[in-house]
Amino acid sequence: MRTQRIGRRDLLAGLGVGLGVAGLAGGLMAQPEPIGLRAIAATRGIAYGAALGLRSVTEEPALAEAYARECAVLVPEGDAKWTGLHPASGVFRFDGLDRLLEIAVRHGQCVRGHTLLWHEALPEWVRDALPNGRIFELLTDHIFTVLGRYRGRIPVWDVVNEAVEPEDGREDGLRQTPWLSALGPRCLDLAFKAARAADPAALLMLNEHDLEYASPLQDRRRRAVLRLLETLLARGVPVDGLGMQSHLRIGRPFDARILHRFVGEVTDLGLTVMITELDVGDAAVTGDIATRDRAVADHARAYLDTVLDHACVKAVTSWGLSDRQSWLHHHPAGWRADGQPMRPLPLDTDLRPKPLWQALADAFRAAPARTPPAWIPG
Ligand code: XIL
1 MRTQRIGRRD LLAGLGVGLG VAGLAGGLMA QPEPIGLRAI AATRGIAYGA
51 ALGLRSVTEE PALAEAYARE CAVLVPEGDA KWTGLHPASG VFRFDGLDRL
101 LEIAVRHGQC VRGHTLLWHE ALPEWVRDAL PNGRIFELLT DHIFTVLGRY
151 RGRIPVWDVV NEAVEPEDGR EDGLRQTPWL SALGPRCLDL AFKAARAADP
201 AALLMLNEHD LEYASPLQDR RRRAVLRLLE TLLARGVPVD GLGMQSHLRI
251 GRPFDARILH RFVGEVTDLG LTVMITELDV GDAAVTGDIA TRDRAVADHA
301 RAYLDTVLDH ACVKAVTSWG LSDRQSWLHH HPAGWRADGQ PMRPLPLDTD
351 LRPKPLWQAL ADAFRAAPAR TPPAWIPG
């Protein structure tokens with residue numbers, strides 16, 4: 001009788017665990033799964049990627065390797081914001097974004113630009129200039145300069161970030177920002193139109209937060225976002241899609257039907273949808289690491305299964321790749337009562353895949369196949 005050699009992968013399969021589990025058991029199998037999420041997502045026509053600060057990948061080769069393996073899309077976490085690109089009046093600094101593009105080209109990835117019109121990450125000089133006229137020129141000059149430089153090389157832009165805030169009390173649900181005070185709601189039209197003129201082929205997104213849960217406030221946000229998209233389209237404003245940030249928080253009321261219906265309503269407008277800043281906060285979960293990681297994975301899986309059921313959802317990017325990097329470590333939303341750091345991202349601090357990684361892989365494999373986005377390198 002022939003003796004059969006049982007490989008590690010077969011052993012894992014025999015235990016009922018799928019590809020990608022390597023590393024979950026910590027020391028025992030601390031090998032990162034060689035197949036990255038980008039390849040798994042691509043089998044269903046989905047582009048997966050993550051945000052990054054340039055410094056993290058240039059200074060940490062292992063993290064750079066993880067980004068190359070896992071991501072088809074890179075999103076500059078700060079390098080394409082006003083503070084990153086336009087630190088002083090008339091002074092543009094492109095080195096960060098240039099470097100990121102070089103890295104992306106080297107690894108067959110693409111970059112999503114983030115972001116051109118936002119009320120945060122505004123240098124002091126812009127805040128000072130806003131109430132004093134020539135704002136139209138300031139905004140259009142910024143967009144023309146940036147998109148002109150990267151025309152044909154950055155195929156997707158989060159043109160407008162976080163335009164909606166029903167709690168600001170405006171009838172139209174728009175956020176009361178310095179841009180809005182200076183220019184009125186047409187600041188949104190202006191940003192999209194300038195972006196279209198500067199790079200006619202780029203996909204232009206509105207990127208919004210807190211659209212995921214069934215609370216009355218998030219319901220108002222969803223209504224306001226739909227209304228905004230409808231009015232922009234009716235005015236002929238070139239908006240191509242909605243980014244749903246998806247900073248998920250365990251404990252918030254999740255209702256798959258409400259979420260599914262909302263994504264359907266956006267696609268009915270003829271728009272594309274992307275999950276743009278996925279991470280999972282687990283402040284509400286007590287227990288050991290394994291319990292927390294399981295809860296994070298299950299929460300994300302339920303969310304992803306719901307949104308990915310729509311073939312118009314073409315991309316998923318998380319806000320960071322490894323728990324080393326998360327912005328939540330510096331944000332009040334990232335605070336846990338036990339003082340432990342958040343574990344909101346697919347890889348742990350040693351860059352090993354976590355249950356969240358597996359949840360993403362499983363959700364991609366379970367998703368209906370779709371036509372891959374045209375903007376992703378073939
Ligand atoms: C965050 C970055 O991750 C932080 O490093 C920075 O200090 C503040 O901005 N929504 C967005 C992102 O659209 O741009 C934010 O990024 C996180 C919330």
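By the UniProt record's numbering, the letter at position 117 of the sequence shown is numbered 117, and the numbering carries on one by one without gaps.
Where a beta carbon is used, it is the ideal one built from N, C-alpha and C, also for glycine.
In this text, all values refer to a predicted model and were calculated from it rather than measured experimentally.
Per DSSP, residue 351 lies in no alpha helix (DSSP H) and is assigned neither H nor E. Using a 10 angstroms sphere on the CB of residue 275, the tally of other CB atoms reaches 16 or more, which defines it as buried.
In this structure residue 253 touches residue 213 by the C-beta definition: roughly 5 Å separates them, less than 8 Å. Annotation for residue 132 indicates a beta carbon at 7 Å or more from all heavy atoms of the ligand XIL. Going by beta carbons, residue 71 and residue 376 fall outside the 8 Å limit.
The beta carbon of residue 240 lies closer than 7 Å to those of 203, 204, 205, 271 and 272 in the same chain, with the five residues before and after it left out. Between the ligand XIL and residue 114, a heavy atom-to-CB distance of less than 7 Å is present.
By the neighbour-count criterion, in which 16 or more other beta carbons inside 10 Å mark a residue as buried, residue 257 falls on the exposed side. In chain order, 242 and 273 place their CB closer than 6 Å to the CB of residue 266, counting only its own chain and leaving out the 5 sequence neighbours on each side. The residue among 67, 220 and 100 with its C-alpha nearest the C-alpha of residue 325 is 67.
For the pair residue 320 and residue 115, the Cα-to-Cα distance works out to about 16 Å.
Under the DSSP assignment, residue 277 falls in the beta strand (DSSP E) whose first and last residues are 272 to 281. Burial state of residue 317 is buried, judged by a 10 Å Cβ sphere holding 16 or more other Cβ atoms. The ligand XIL has no heavy atom closer than 7 Å to the beta-carbon of residue 334.
Counting along the chain, no alpha helix (DSSP H) covers residue 318; the unbroken beta strand (DSSP E) around it starts and ends at 313 to 318. Around the beta carbon of residue 340, fewer than 16 other beta carbons lie within 10 angstroms, which makes this residue exposed. DSSP, reduced to helix, strand and coil, places residue 246 outside both helices and strands of the structure shown, so it counts as coil.
Non-local C-beta neighbours of residue 45 in its own chain, meaning closer than 7 Å and more than five positions away in sequence, comprise 369, 370, 371 and 372, ordered along the chain.
Straight-line measurement puts the Cα of residue 122 at about 32 Å from the Cα of residue 303. When the beta-carbon positions are compared, residue 199 and residue 139 stay at least 8 Å from each other. Distances from the CA of residue 260 to each of 310, 34 and 185 were compared; the closest alpha carbon is that of 310.
When the five nearest sequence neighbours on each side are left out, the beta carbons in the same chain lying within less than 7 Å of the beta carbon of residue 125 are those of 88 and 89, in order along the chain. The beta carbon of residue 143 is closer than 7 Å to those of 116, 191, 194, 195 and 198 in its chain, skipping five residues each way along the sequence.
Within the model, the alpha-carbon separation for residue 50 versus residue 106 is close to 16 Å. When C-beta atoms of the stretch 92 to 99 are compared with those of the stretch 182 to 189, fewer than three pairs fall below 8 Å, so the two segments do not count as touching.
Residue environment for residue 217: exposed (fewer than 16 other C-beta atoms within 10 angstroms of its C-beta). Note: residue 47 is bridge-paired with 315 in the DSSP secondary-structure output. Secondary structure of residue 237 (DSSP, three-state): coil. By DSSP's assignment, residue 52 forms a beta bridge with 76. Cβ-Cβ distances below 6 Å link residue 355 to 293, 294 and 297 in the same chain, with the five nearest sequence neighbours on each side left out; the list follows chain order. Between the alpha carbons of residue 176 and residue 207 lies a gap of roughly 16 Å. Residue pairing by DSSP puts residue 322 in a beta bridge opposite 347.
Only buried fits residue 103, as 16 or more other CB atoms lie within 10 angstroms of its CB.
Here the alpha carbon of residue 225 sits roughly 37 Å from the alpha carbon of residue 352.
For residue 301, the uninterrupted alpha helix (DSSP H) run begins and ends at 289 to 308, by DSSP.
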